[in-house]
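Residue numbers (UniProt numbering): 1 to 151. For reference, the structure is listed below as structure tokens.
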Amino acid sequence: MTSDDIRMTDADEPTPIDQREPVRSLAPFIAAAVVALLLIGGVVLLGVLRPAENNVTESDRLAVAVRNFATAQADSNADRRATTVCPGFDPAKSPLGPDAVGKQVEISGIRDATVDGSRAKATVTSKIDGREQTATWNLSKSGDQWVVCNS
Numbered sequence: 001m002t003s004d005d006i007r008m009t010d011a012d013e014p015t016p017i018d019q020r021e022p023v024r025s026l027a028p029f030i031a032a033a034v035v036a037l038l039l040i041g042g043v044v045l046l047g048v049l050r051p052a053e054n055n056v057t058e059s060d061r062l063a064v065a066v067r068n069f070a071t072a073q074a075d076s077n078a079d080r081r082a083t084t085v086c087p088g089f090d091p092a093k094s095p096l097g098p099d100a101v102g103k104q105v106e107i108s109g110i111r112d113a114t115v116d117g118s119r120a121k122a123t124v125t126s127k128i129d130g131r132e133q134t135a136t137w138n139l140s141k142s143g144d145q146w147v148v149c150n151s
């Protein structure tokens with residue numbers, strides 16, 4: 001047999017070569033989608049059953065009321081200040097002092113918060129014009145929020 005005998009001619013049949021990609025299974029993709037849906041469903045379910053506002057303690061709510069009051073004192077808007085205090089609040093008897101309106105107030109600490117029904121007390125340390133003072137603040141629940149009172 002010579003090399004001429006081995007040569008392929010146009011008349012010879014070509015050998016087929018399978019160049020197709022192997023068929024891949026969809027199972028891993030479906031499993032990943034199911035896991036993702038379960039995780040998202042779990043997060044949504046926890047958000048509905050345990051909303052973040054339920055994780056807030058009464059002490060946290062009192063701290064928000066104290067900070068809102070202090071921020072409102074620096075504001076020139078009397079209507080805004082009125083939303084942070086009890087009806088009949090006397091600014092002359094403010095726990096920040098009578099001269100706090102219009103001044104920047106820094107609340108540096110809130111401790112010993114006690115709640116008794118719709119009334120509460122907290123020891124608040126505040127700073128106005130570089131002068132730090134600590135006082136016991138009285139708060140009352142008005143609707144679903146706490147507000148600062150004179151007594």
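Backbone N, C-alpha and C fix where the C-beta goes; we use that ideal spot for every residue, glycine too.
{"Check": "Secondary structure of D99, DSSP reduced to three states", "Outcome": "coil"}
{"Check": "Pairwise C-alpha distance: A122 and G143", "Outcome": "19 Å"}
{"Check": "Distance, Q133 Cα to S76 Cα", "Outcome": "23 Å"}
{"Check": "G41 versus V101 - alpha carbon distance", "Outcome": "49 Å"}
{"Check": "Backbone CA spacing between L62 and S126 [nearest angstrom]", "Outcome": "15 Å"}
{"Check": "V34 versus R20 - alpha carbon distance", "Outcome": "29 Å"}
{"Check": "F69 and T57 closer than 7 Å at C-beta", "Outcome": "no"}
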